[in-house]
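Numbering (this note's numbering), first residue to last: -11 to 108.
Single-structure report; data block below.
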Amino acid sequence: MRILTKEDILKGKEKRVTIHIPEYDADVIIRPLTDGELTEILASVGGLRLKEDGTVDVTSLDVSKHIEILRLAASKGLVEPKLTVEEVSMMKFGVPEYIGMKVLEISGLVPPEEALKKSK
């Protein structure tokens, strides 16, 4: 078994994923969030319950917290275009939430099957 290196750790957020946004008929590039970014997002909304597997129990969130988390995740995870939270909130309805779910999915916070349910 090999030893985890500092390079391995810092390389994690270098992953890039291109996702298609049908509402704009265009692609965006996203990246996973770091542990620090996830902690910052989750702390900003407070009072989150986790499932046994360590993922957030999204069924326990009220709508405003859910939207806030997804907009923050979208803003922090967007590589191209890079947008502030305010700019993300000006996107077409549902797009920030879709991008946010994809960012959380590649960050390991939302299981892929949960993200699939939310994107339908």
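We treat Cβ as the ideally placed atom computed from N, Cα and C, and that holds for glycine.
Beta-carbon separation of residue i and residue j under 8 Å?
| i | j | result |
| --- | --- | --- |
| residue 1 | residue 33 | no |
| residue 26 | residue 65 | no |
| residue 63 | residue 76 | yes |
| residue 5 | residue 87 | no |
Please list the terminal residues of the continuous beta strand (DSSP E) segment that includes residue i.
| i | result |
| --- | --- |
| residue 66 | 66 to 68 |
| residue 6 | 5 to 9 |
On the three-state DSSP scale, how would you describe residue i?
| i | result |
| --- | --- |
| residue 108 | Unreliable positioning characterises residue 108 in this predicted model, as indicated by a pLDDT of 48, which lies under 50. The coordinate reading is nonetheless provided below. Residue 108 falls in the coil class under three-state DSSP. |
| residue 103 | Unreliable positioning characterises residue 103 in this predicted model, as indicated by a pLDDT of 49, which lies under 50. A coordinate reading is not provided. |
| residue 58 | helix |
| residue -9 | coil |
Note the first and the last residue of the continuous alpha helix (DSSP H) segment covering residue i.
| i | result |
| --- | --- |
| residue -4 | -6 to -1 |
| residue 72 | Counting along the chain, residue 72 falls outside any alpha helix (DSSP H), and DSSP gives it neither H nor E. |
| residue 23 | 23 to 33 |
Is residue i near the ligand ADP, judged by its Cβ being under 7 Å from some heavy atom?
| i | result |
| --- | --- |
| residue 32 | Inclusion of the ligand ADP in the displayed structure is not the case, the ligand content being empty and no account of it being possible. |
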